[in-house]
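A.B. asks: Chains as they are written, first to last, in my numbering: chain A, 61 to 185; chain B, 61 to 185. Where a beta carbon is used, it is the ideal one built from N, C-alpha and C, also for glycine. Before we start, here is the structure in question, set down as structure tokens.
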DNA sequence: ACTACATTTGCAATACTGTTGCATTAATAA
DNA sequence: TTATTAATGCAACAGTATTGCAAATGTAGT
Ligand SMILES: [Mn+2]
Ligand SMILES: [Mn+2]
Ligand SMILES: [Zn+2]
Ligand SMILES: [Zn+2]
């Protein structure tokens, strides 16, 4: 992919994700956008934004993939933060300040991390 | 679900998962079993075994759900262990000895954890 | 502002993944 | 062996995702 273009779909989807407090799934985005573009375009815009590193994927405990954009990562980015999935309100949120500590056996090379914790969030307890 | 029965499908699927070094997806299991039973039965057997706590789910970084049975958890069970997904050989394995440490903000209540790390496994490096 | 051109979109087609209802089969206990 | 009820097979259906291609559109260069 050489040059990426600022289309209406891309702009609106990025706005939506940026302004959202929770990580959004493809279907949530589709519902919000109504008829701005079709679902195929949403898939492709999400792929593009992820590839460009502007947003990041969150794989939930149920296997549903959501997308989020970090908020307070301006000073220091925490790429390996935890995500919390509330069993009651069904929101998935970035806990950007929580980075788990772990030690893998010697010869493993880590590229990517996905850490999701489910339970009850503060608002629901 | 009151009483669970030892059917051929259940026995074979559990054998397969138990003897496997890697976590297996539904489609991997279906390929291995050939015509032992249909795919609907596989779904239901996997749900049952998971519900009974005999096997556990692993949600991979790509969102694909796999199933595994712990091997050396006889002495001490580590339910929150890490799973490693190799980008080269595409295997997903339990690292039963690796339990990540993390501190969530006060009011979060944790029920379940899914921690997957992707990269290159020892065999592939 | 106009043009050229690569990127992006919409649509069709297709594949994969997963769930549910219902009649039939089969495991287990009595 | 028989009664009970879990489990299976099948059909139908819903949700999720990818790809090829023609048309539309954003962007750079003039
Ligand atoms: Mn995040
Ligand atoms: Mn495991
Ligand atoms: Zn909640
Ligand atoms: Zn490997």
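Counting only beta-carbon atoms, is residue 106 of chain B nearer than 8 Å to chain A?
C.D. replies: Chain A, which has no Cβ nearer than 8 Å to the Cβ of residue 106 of chain B, makes this no.
A.B. asks: Of all the residues that make up the region 149-175 of chain B, which are near chain A by a beta-carbon distance shorter than 9 Å?
C.D. replies: Hits within the stretch, in order: 155, 157, 158, 159, 160, 161, 162, 163, 164, 165, 166, 167, 168, 169, 170, 171, 172, 173, 174 and 175.
A.B. asks: What do you get for residue 170 of chain B, buried or exposed, if any count of 16 or more other CB atoms within 10 angstroms of its CB means buried?
C.D. replies: It is exposed - the Cβ of residue 170 of chain B has fewer than 16 other Cβ atoms within 10 Å.
A.B. asks: Is it the case that the CB of residue 151 of chain B approaches a heavy atom of ligand 4 more closely than 7 Å?
C.D. replies: For ligand 4, at least one heavy atom lies less than 7 Å from the Cβ of residue 151 of chain B.
A.B. asks: Could you tell me the boundaries of the alpha helix (DSSP H) in which residue 68 of chain B lies?
C.D. replies: Counting along the chain, the alpha helix (DSSP H) containing residue 68 of chain B begins and ends at 68-79.
A.B. asks: List, in order along the chain, the chain A residues whose C-beta lies closer than 8 Å to that of residue 179 of chain B?
C.D. replies: The answer, in chain order, is 168, 169, 170, 171 and 172.
A.B. asks: Whether or not the region 106-126 of chain A and the region 80-88 of chain A are in contact is what I'm after, with contact meaning three or more pairs of Cβ atoms, one per stretch, closer than 8 Å; do they touch?
C.D. replies: With a cut-off of 8 Å, the region 106-126 of chain A and the region 80-88 of chain A count as touching, because enough Cβ pairs lie within range.
A.B. asks: To the nearest angstrom, how far is it from the Cα of residue 165 of chain B to the Cα of residue 121 of chain A?
C.D. replies: Taking the straight line from one Cα to the other gives about 20 Å.
A.B. asks: Listed in chain order, which residues of the region 110-133 of chain B have Cβ atoms closer than 9 Å to some Cβ of chain A?
C.D. replies: Against chain A - using a Cβ distance shorter than 9 Å - the residues of the region 110-133 of chain B are 117, 119, 120, 121, 122, 123, 124 and 125.
A.B. asks: Work out the CA separation of residue 156 of chain B and residue 130 of chain B for me, nearest whole Å.
C.D. replies: Cα-Cα distance, rounded: 7 Å.
A.B. asks: Hey, residue 153 of chain A and residue 143 of chain A: beta-carbon distance below 8 Å or not?
C.D. replies: In this structure, residue 143 of chain A lies closer than 8 Å to residue 153 of chain A by Cβ.
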